[in-house]
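**Q** Pasting a structure here, questions to come.
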Amino acid sequence: MKKYGLDRTQLKILAIIAMVVDHTAWGFVDFMSPLGQLMHIFGRLTLPIMCFFIAEGYRHTKSLQEYIYRMLAFSAISIIPFYIFFHEEYGYRQNIIFDLTLALLCLCVSEGKIFKKWMKICLIALLVLISFVIGGWVVMPIIYVFIFYYGKNFKDKAIKFTGATVLMSAVLSVMIVLNQQYHFSQYDWTVQERLYLLGFVFALIPLYFYNGERGKDLFGGSGIGRYFFYIFYPSHFLLLAYIRHIVHGYTLQNAYIDIHVLALLIALIILSYVLTLHTTRAQMAVTFFMTSATMYLFGFVMEITTYDIEGVYTATKLQYFAECFVFIAITLCIQELTHTRLPYPVYVFEFVFSTFVMYCMFTWRENHLMYKDVIMDYDGPFPRMYVVEYGIVFYAFVLYCLAICLMAVVVGFYSLRNHDNLQRKRLRLLLLGMITMWIPYISKMIGLFDKYEIPALTIPFTAYFVVRSLKKYSYLDSVALDFSNAINRGNEGILVVDRNFSIMYHNEVVHQVFGQFMRFDSAKNVPGLYEALTSGESTITKDGHTYETRVEPLTEQGHNIGSILWIFDLTEHFEYLSSIEKSANTDSLTGLLNRKAFEKKVGEALERKEGGAFFMVDLDNFKHVNDNHGHDAGDIILTTLSNVIKQEQTRDMNHNLIAGRVGGDEFTLYYEGITDKRALSNFAHLLIDNFDNKLLATDYPGVTSISLGISITGGSELAPAKAYNQLYKEADEALYIAKGAGKKTFAFR
Numbered sequence: 013m014k015k016y017g018l019d020r021t022q023l024k025i026l027a028i029i030a031m032v033v034d035h036t037a038w039g040f041v042d043f044m045s046p047l048g049q050l051m052h053i054f055g056r057l058t059l060p061i062m063c064f065f066i067a068e069g070y071r072h073t074k075s076l077q078e079y080i081y082r083m084l085a086f087s088a089i090s091i092i093p094f095y096i097f098f099h100e101e102y103g104y105r106q107n108i109i110f111d112l113t114l115a116l117l118c119l120c121v122s123e124g125k126i127f128k129k130w131m132k133i134c135l136i137a138l139l140v141l142i143s144f145v146i147g148g149w150v151v152m153p154i155i156y157v158f159i160f161y162y163g164k165n166f167k168d169k170a171i172k173f174t175g176a177t178v179l180m181s182a183v184l185s186v187m188i189v190l191n192q193q194y195h196f197s198q199y200d201w202t203v204q205e206r207l208y209l210l211g212f213v214f215a216l217i218p219l220y221f222y223n224g225e226r227g228k229d230l231f232g233g234s235g236i237g238r239y240f241f242y243i244f245y246p247s248h249f250l251l252l253a254y255i256r257h258i259v260h261g262y263t264l265q266n267a268y269i270d271i272h273v274l275a276l277l278i279a280l281i282i283l284s285y286v287l288t289l290h291t292t293r294a295q296m297a298v299t300f301f302m303t304s305a306t307m308y309l310f311g312f313v314m315e316i317t318t319y320d321i322e323g324v325y326t327a328t329k330l331q332y333f334a335e336c337f338v339f340i341a342i343t344l345c346i347q348e349l350t351h352t353r354l355p356y357p358v359y360v361f362e363f364v365f366s367t368f369v370m371y372c373m374f375t376w377r378e379n380h381l382m383y384k385d386v387i388m389d390y391d392g393p394f395p396r397m398y399v400v401e402y403g404i405v406f407y408a409f410v411l412y413c414l415a416i417c418l419m420a421v422v423v424g425f426y427s428l429r430n431h432d433n434l435q436r437k438r439l440r441l442l443l444l445g446m447i448t449m450w451i452p453y454i455s456k457m458i459g460l461f462d463k464y465e466i467p468a469l470t471i472p473f474t475a476y477f478v479v480r481s482l483k484k485y486s487y488l489d490s491v492a493l494d495f496s497n498a499i500n501r502g503n504e505g506i507l508v509v510d511r512n513f514s515i516m517y518h519n520e521v522v523h524q525v526f527g528q529f530m531r532f533d534s535a536k537n538v539p540g541l542y543e544a545l546t547s548g549e550s551t552i553t554k555d556g557h558t559y560e561t562r563v564e565p566l567t568e569q570g571h572n573i574g575s576i577l578w579i580f581d582l583t584e585h586f587e588y589l590s591s592i593e594k595s596a597n598t599d600s601l602t603g604l605l606n607r608k609a610f611e612k613k614v615g616e617a618l619e620r621k622e623g624g625a626f627f628m629v630d631l632d633n634f635k636h637v638n639d640n641h642g643h644d645a646g647d648i649i650l651t652t653l654s655n656v657i658k659q660e661q662t663r664d665m666n667h668n669l670i671a672g673r674v675g676g677d678e679f680t681l682y683y684e685g686i687t688d689k690r691a692l693s694n695f696a697h698l699l700i701d702n703f704d705n706k707l708l709a710t711d712y713p714g715v716t717s718i719s720l721g722i723s724i725t726g727g728s729e730l731a732p733a734k735a736y737n738q739l740y741k742e743a744d745e746a747l748y749i750a751k752g753a754g755k756k757t758f759a760f761r
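The numbering used here puts the sequence shown at residues 13 to 761.
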């Protein structure tokens with residue numbers, strides 16, 4: 013890392029300056045003039061620097077998903093300003109943020125671990141094809157980003173970058189020459205005109221001095237700096253377009269158009285701001301509203317800048333399309349911002365009716381449902397579409413819009429019945445937004461602005477009130493919760509209610525405990541939920557699971573806005589504790605009790621003074637088994653014996669048979685409640701025979717057998733510990749007798 017040089021902020025500022033100089037030349041300076049060529053060559057610094065930081069951003073971004081979403085959002089936002097400035101110059105081709113987004117996606121695919129090689133080839137090929145078809149800088153941003161990301165060092169990157177730029181210029185020159193002969197492209201360029209593209213290589217000079225440091229935030233760490241380029245990019249197009257209008261003569265019509273363009277710019281800025289807010293359902297609803305409203309505003313700008321009937325008609329269709337979505341968005345905003353659940357049929361009706369309206373709008377010439385007759389009016393300040401007679405669907409659409417607004421007002425006031433002053437302040441802002449929406453239509457009906465219509469001018473004001481209600485009272489939406497982590501974290505359940513016990517958020521684990529319910533339902537109507545919320549801490553058992561609940565207050569900006577109910581599934585915890593206890597008390601190889609646990613269990617049995625028999629079980633010649641067949645064989649034989657003992661434990665359910673492994677090949681049993689020698693002899697014979705039979709199923713039949721020593725107690729008056737030691741000693745002596753009698757037998761003591 014260089015101690016001195018240019019940091020990231022300085023390089024980005026240089027790229028922005030170069031971009032402004034380049035676009036200023038496109039708008040105001042003759043292209044082939046020396047000044048024009050010099051400005052365009054300087055402007056070539058922008059693309060390589062931005063490609064370099066796409067590669068750097070991929071390496072260092074904290075959230076790749078958020079990075080991609082941000083690029084996609086601002087590439088879409090920049091489409092309209094880009095076309096306003098360049099008009100037909102680039103046709104359908106897209107802006108530089110779109111090109112950089114394609115390059116970023118290619119890099120993500122190339123580095124993605126989830127993609128197989130053939131999938132990577134197909135996806136990158138698809139993205140390259142998209143760049144060929146509609147990209148502004150065809151393929152070059154993708155190539156540049158790959159060079160900056162995969163280059164070994166700066167020298168390697170510089171050589172590859174220069175080679176790619178020269179090759180691109182050569183290929184383009186060949187295509188220009190071919191196009192002059194065969195005319196397969198709309199761009200009638202000359203080779204001399206495109207030589208300025210070699211100016212890309214000059215970007216290597218400032219990149220060489222990059223010191224790897226982030227640099228100072230121009231806005232004092234407020235967070236605006238990370239979005240500055242994205243916001244500046246579309247904004248400077250609109251500003252340059254506005255200046256160009258002034259330079260080429262300014263009329264009342266120009267002022268009318270520019271006011272609406274300014275309104276469009278404000279709407280875009282507000283939309284950009286909403287996108288930077290913490291993601292909640294309310295934020296997404298407001299984003300939907302702002303996107304639809306901005307689309308409507310753009311349609312109106314198209315209408316007042318178009319001079320033929322088909323162009324106006326196309327703009328009108330766009331306005332209706334956007335307006336349909338605006339009213340669906342209003343319904344969503346009212347639901348999310350007033351915390352009132354609306355039934356799904358409302359949304360179904362809105363979607364179906366909007367689809368029907370658009371169908372009637374696109375086919376009005378055939379069915380005359382939207383308009384019966386339309387002409388072009390050239391008598392006003394600019395050509396406008398004049399509707400001679402409206403159709404029945406138009407009036408139905410007006411009634412539909414009024415109904416949605418009335419519904420929003422009713423739902424808003426209905427939501428206030430249980431809410432506090434904070435919600436009232438939010439609703440006041442929403443109602444102001446609704447009122448400003450209808451001011452232009454009222455002014456049109458009373459002829460306040462003569463033939464100048466202003467339906468789009470109040471959209472920024474409506475947007476301001478709606479966004480302010482979202483931002484100022486955002487804590488009402490529980491934005492302190494991080495959905496990606498808290499709401500869906502592991503096996504923990506979480507439920508959020510407001511101060512009136514309306515359910516705001518929950519995950520699926522909550523349904524497992526309290527059954528089915530929906531968002532905005534009252535927790536008081538869900539069995540057991542209200543009690544859990546008011547009890548502080550409690551334990552719930554359901555379907556074999558044990559849950560612990562804990563309630564915490566939810567506060568934001570100093571306000572107590574509700575409660576969070578945490579639900580912890582303790583079943584696995586209890587099972588884990590059980591497994592720990594089991595491992596502490598059992599022999600790891602055989603699963604029988606270890607010495608300490610066996611002694612404790614037998615002591616408890618002796619305290620009951622019901623009598624019983626103590627067995628010492630030993631494998632005959634077991635040392636030779638380990639010496640001749642190995643320890644693995646020894647383990648198999650030990651587990652075979654333990655399985656025989658376990659089988660007997662499950663066979664006799666009337667008596668308590670305690671079994672343990674107390675040493676290498678020594679096992680101990682205590683048969684509680686049986687003192688009859690005949691019965692105990694039969695049991696000893698059964699153990700010996702069953703063990704022999706089980707060995708036949710292994711690879712080591714007949715290599716060993718078992719001998720048993722048995723001690724009987726009728727309920728000793730001794731303390732359990734002394735009684736245990738006495739029984740152990742007597743059984744061990746009996747085992748010694750059995751071993752001396754020839755093994756594979758048993759003896760009593």
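Yeah, the Cβ is synthetic: ideal placement off N, Cα and C, and Gly gets one too.
#1: Taking C-alpha atoms, which residue in ILE670, LEU274, PHE214 lies nearest to PRO93?
#2: Does the contact criterion of 3 or more C-beta pairs under 8 angstroms hold for the segment 296–316 versus the segment 334–347?
#3: Beta-carbon within less than 7 angstroms of LEU739's beta-carbon, same chain only, minus the 5 sequence neighbours each way: which residues are those?
#4: Which one of ILE171, LEU116, GLY624, ILE576 has the shortest CA to CA distance from ARG71?
#5: Please look up how many angstroms separate the CB atoms of ASP200 and TRP149, rounded, as I've assumed it's under 8 angstroms.
#6: Which of helix, strand or coil does DSSP assign to HIS380?
#7: When DSSP labels each residue in this structure, what does GLU745 get in the three-state scheme?
#8: Rounding to the nearest angstrom, what Cα-Cα distance links TYR487 and PHE212 in this structure?
#9: Assign ALA415 to buried or exposed, taking buried as 16 or more other Cβ atoms, counted over all protein chains shown, within 10 Å of its Cβ.
#10: From THR21 to GLU225, what distance separates their C-alpha atoms?
#11: How big is the Cα-Cα spacing for GLU560 and THR583?
#12: Output yes or no for whether 8 angstroms exceeds the beta carbon distance between ILE718 and ASP630.
#13: Can you have a look at ALA709 and say buried or exposed, based on whether 16 or more other CB atoms are within 10 angstroms of its CB?
#14: What's the C-alpha gap between HIS272 and VAL313?
#15: Any chance the segment 338–358 sits against the segment 374–389, with 3 or more Cβ pairs inside 8 angstroms?
#16: Between the segment 279–299 and the segment 117–131, can you find at least three pairs of beta-carbon atoms closer than 8 angstroms?
#17: Given this structure, state the Cα-to-Cα distance separating ALA544 from ASN519, to the nearest angstrom.
#18: My output table needs one value for GLY754: the three-state DSSP class, helix, strand or coil.
#19: Take ILE66 and list the residues in its own chain whose beta-carbon comes closer than 6 angstroms to its own, dropping the five residues that flank it on each side.
#20: Taking the beta carbon of ASN633 as the centre, do at least 16 other beta carbons fall within 10 Å, making it buried, or is it exposed?
#21: Roughly how many angstroms lie between the CA atoms of LEU210 and ILE281, to the nearest whole one?
#22: Closest to VAL33 by C-alpha separation, out of ASP19, GLY48, ARG105, would be which residue?
#23: Any idea what DSSP makes of SER490, helix, strand or coil?
#24: Check for me: the alpha helix (DSSP H) holding MET302 runs from which residue to which?
#25: If you count every other CB in all the chains shown that lies within 10 Å of the CB of TYR682, and 16 or more means buried, which is it?
#26: Is THR303 buried or exposed, if buried means 16 or more other CB atoms sit within 10 Å of its CB?
#27: Looking at the unbroken alpha helix (DSSP H) that takes in ILE657, where does it start and where does it end?
#28: Which class does SER717 belong to by DSSP, given the choice of helix, strand or coil?
#29: Thinking ALA420 and ILE342 are a contact (beta carbons under 8 angstroms), I'd like their distance in whole angstroms, please.
#30: The beta strand (DSSP E) spanning LEU507 covers which residue range?
#31: Restricting to Cα atoms, I'd like to know which of ARG480, THR546, VAL522, VAL538 is closest to ARG511.
#32: Does the distance from the CB of LEU344 to the CB of ALA408 come in under 8 angstroms?
#33: If you follow the alpha helix (DSSP H) that THR367 is part of, which residue opens it and which one closes it?
#34: Taking PHE97 as the reference, give the member of HIS248, ARG206, ILE155 with the closest Cα.
#35: With distances taken Cα to Cα, identify the nearest neighbour of GLY55 among GLU678, PRO153, THR36, PHE339.
**A** Let me lay it out:
#1: Of the listed residues, the one whose Cα sits closest to PRO93 is LEU274.
#2: Contact holds: three or more Cβ-Cβ distances are below 8 angstroms.
#3: In the same chain as LEU739, and ignoring 5 residues on each side of it, the C-beta atoms closer than 7 angstroms to its own belong to PHE626, SER723, THR725, in chain order.
#4: Closest option to ARG71, Cα to Cα, is LEU116.
#5: With 8 angstroms as the limit, ASP200 and TRP149 do not qualify as a contact, their Cβ atoms being about 19 angstroms apart.
#6: In the structure shown, the three-state DSSP call for HIS380 is coil.
#7: In this structure, DSSP gives GLU745 a helical state, which the three-state scheme calls helix.
#8: Because the pLDDT of TYR487 is 49, which lies under 50, any placement of that residue in the model is unreliable, and the number read from its coordinates should be weighed accordingly. Spanning the alpha carbons of TYR487 and PHE212 requires a straight line of approximately 48 angstroms.
#9: Exposed, because fewer than 16 other Cβ atoms sit within 10 Å of the Cβ of ALA415.
#10: Approximately 9 angstroms between the Cα atoms of the pair.
#11: One Cα belongs to GLU560, the other to THR583, and the distance between them is close to 10 angstroms.
#12: Yes; because the gap between Cβ atoms is below 8 angstroms, this pair is in contact.
#13: By the 10 Å Cβ count, ALA709 comes out exposed.
#14: Cα to Cα, the separation comes out at about 6 angstroms.
#15: No contact exists between the segment 338–358 and the segment 374–389.
#16: In short, these stretches do not touch, since the Cβ pair count stays below three.
#17: Distance between the alpha carbons of ALA544 and ASN519 is about 16 angstroms.
#18: Three-state result, GLY754: coil.
#19: The residues LEU112, ALA115, LEU116, VAL157, in chain order, have a CB closer than 6 angstroms to that of ILE66 in the same chain once the five nearest residues on each side in sequence are set aside.
#20: With fewer than 16 other Cβ atoms within 10 Å, it is exposed.
#21: Going by the C-alpha atoms only, they are around 35 angstroms apart.
#22: Of the candidates ASP19, GLY48, ARG105, the one whose C-alpha sits nearest the C-alpha of VAL33 is GLY48.
#23: The pLDDT assigned to SER490 is 44, lower than 50, so where the model puts this residue is not dependable; a value taken from the coordinates is nonetheless given after this. DSSP places SER490 in coil when its eight states are reduced to three.
#24: According to the DSSP assignment, MET302 belongs to the alpha helix (DSSP H) that extends over 293–316.
#25: The residue is buried, with at least 16 neighbouring Cβ atoms inside 10 Å.
#26: So THR303 ends up on the buried side.
#27: Taken as a continuous stretch (DSSP letters only), the alpha helix (DSSP H) holding ILE657 covers 643–663.
#28: In this structure, SER717 counts as coil in the three-state DSSP scheme.
#29: Contact between ALA420 and ILE342 holds, with the beta-carbon distance rounding to 6 angstroms and staying under 8 angstroms.
#30: Looking at the DSSP string, the run of the beta strand (DSSP E) that includes LEU507 is 505–510.
#31: Of ARG480, THR546, VAL522, VAL538, the residue nearest in Cα terms is THR546.
#32: No, these two residues do not count as a Cβ contact at 8 angstroms.
#33: Start and end: 356–374.
#34: Ranked by how close their Cα comes to the Cα of PHE97, the residues HIS248, ARG206, ILE155 have HIS248 in first place.
#35: Considering only alpha carbons, the answer is THR36.
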